[in-house]
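Protein sequence lines, in the order shown, are assigned to chains P and C. Under the numbering used here, the first residue of the first sequence is numbered -10, with each subsequent residue one higher. Under the numbering used here, the first residue of the second sequence is numbered -10, with each subsequent residue one higher.
There are 2 protein chains.
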Amino acid sequence: MGKTKETNQHTLDECTKSILPVRDALEVLSGKWKLPIIISLMFGNKRFSQIAKEVPGITDKMLSKELRELESNELVKRTVYGSIPVVVEYSLTEYGHSLKIVIKTLRDWGVAHRKRMMVES
Amino acid sequence: MGKTKETNQHTLDECTKSILPVRDALEVLSGKWKLPIIISLMFGNKRFSQIAKEVPGITDKMLSKELRELESNELVKRTVYGSIPVVVEYSLTEYGHSLKIVIKTLRDWGVAHRKRMMVES
DNA sequence: GTAAGTAGTATACAAAAGGATAGTGAAAAA
DNA sequence: TTTTTCACTATCCTTTTGTATACTACTTAC
């Protein structure tokens, strides 16, 4: 009786210790568009319309909203050049680049997942 | 002129090659609850109400919905024992366990992210 | 003169995700 | 006898996400 309860408590603690940081990460990264936008910026600094072309399916409204969120989380930097015509460049911050390994891992899993789905169908 | 266009086309292709698999992964994993549920099952097979206790804040409705989706993607297995009372056990499939590295990477980033936020405030 | 590109914003709407609360029916514990 | 446990489902509601379309004001190219 005591044993079982202690064991449960122990795994619950360990469980929480894993869930909380993952939840912190998800708060910043979750949604359909943030990671694709970051991936596009990993290949170089881009302007608004360039990102729009490279992230298939995104609308201007979503891109603008997501860029603002990424900027407020210090993952992306926005720089304005000149005034006529206005040119705006987006780039990854150093912190944004720290997501490289997360993206690589997720990408590898995604590749395997797609293969698996192909075989099944 | 030709050079610039070729270069752009090249990075666009590479970019797409990264975005598509990440998008495949996100389709299965995105949302607030799926990864936390999987983490809870990484610590052992569980019954419905046990998962509900270990994933802080989740409602029965969300848990039931997410478990069904995870099952249909073959990440989670649902087993019914006996009939009175009904006992249902959830477990990770082997495929579900392949997410271990994804979760570890995300967790590590989340830990660093939380530290960073603490320092800032 | 017209179209396309620059970086977005405004508006209206539909769909999906998530939250709060209550209820089911049978059994076992208080 | 009332409560608790089990594994959910039902209903209603709000918030978030996403889509579609049009618009701004200026410049360059055709």
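A virtual CB, placed ideally from N, CA and C, is assigned to each residue, including glycine.
Residues near residue i by beta carbon distance below 8 Å, same chain, minus five either side
| i | result |
| --- | --- |
| L64/P | V17, I27, L81, T82, Y84, G85, L88 |
| K23/C | V17, E55, E58, L59 |
Below-9 Å beta-carbon distance, residue i vs any chain C residue
| i | result |
| --- | --- |
| K50/P | no |
| S87/P | yes |
| T0/P | yes |
| E60/P | no |
| G71/P | no |
| V76/P | no |
| S19/P | yes |
Neighbour flag for residue i against chain P, beta carbons, 9 Å
| i | result |
| --- | --- |
| Y84/C | yes |
| P25/C | yes |
| K54/C | no |
| V44/C | yes |
| F32/C | yes |
| K66/C | no |
| R12/C | yes |
| L81/C | no |
| S29/C | yes |
| V108/C | no |
| A168/C | The structure shown does not extend to residue 168/C, since chain C is modelled only from -10 to 110, so the question has no answer here. |
CB contact flag (residue i, residue j, <9 Å)
| i | j | result |
| --- | --- | --- |
| F37/P | V77/P | yes |
| S7/P | G20/C | no |
| L9/C | G99/P | yes |
Sequence-distant residues of its chain with Cβ nearer than 6 Å to residue i (five each side left out)
| i | result |
| --- | --- |
| E43/C | S29 |
Cut-off 7 Å between Cβ atoms - residues of its own chain near residue i, not counting five sequence neighbours on either side
| i | result |
| --- | --- |
| K93/C | none |
> Can you find at least 3 beta carbon pairs, one from the region 88 to 101 of chain C and one from the region 35 to 48 of chain C, that sit closer than 8 Å?
Replying inline: no
>> When you compare the region -2 to 17 of chain P with the region 98 to 107 of chain C, are there three or more beta-carbon pairs, one atom per stretch, that lie closer than 8 Å?
In response: yes
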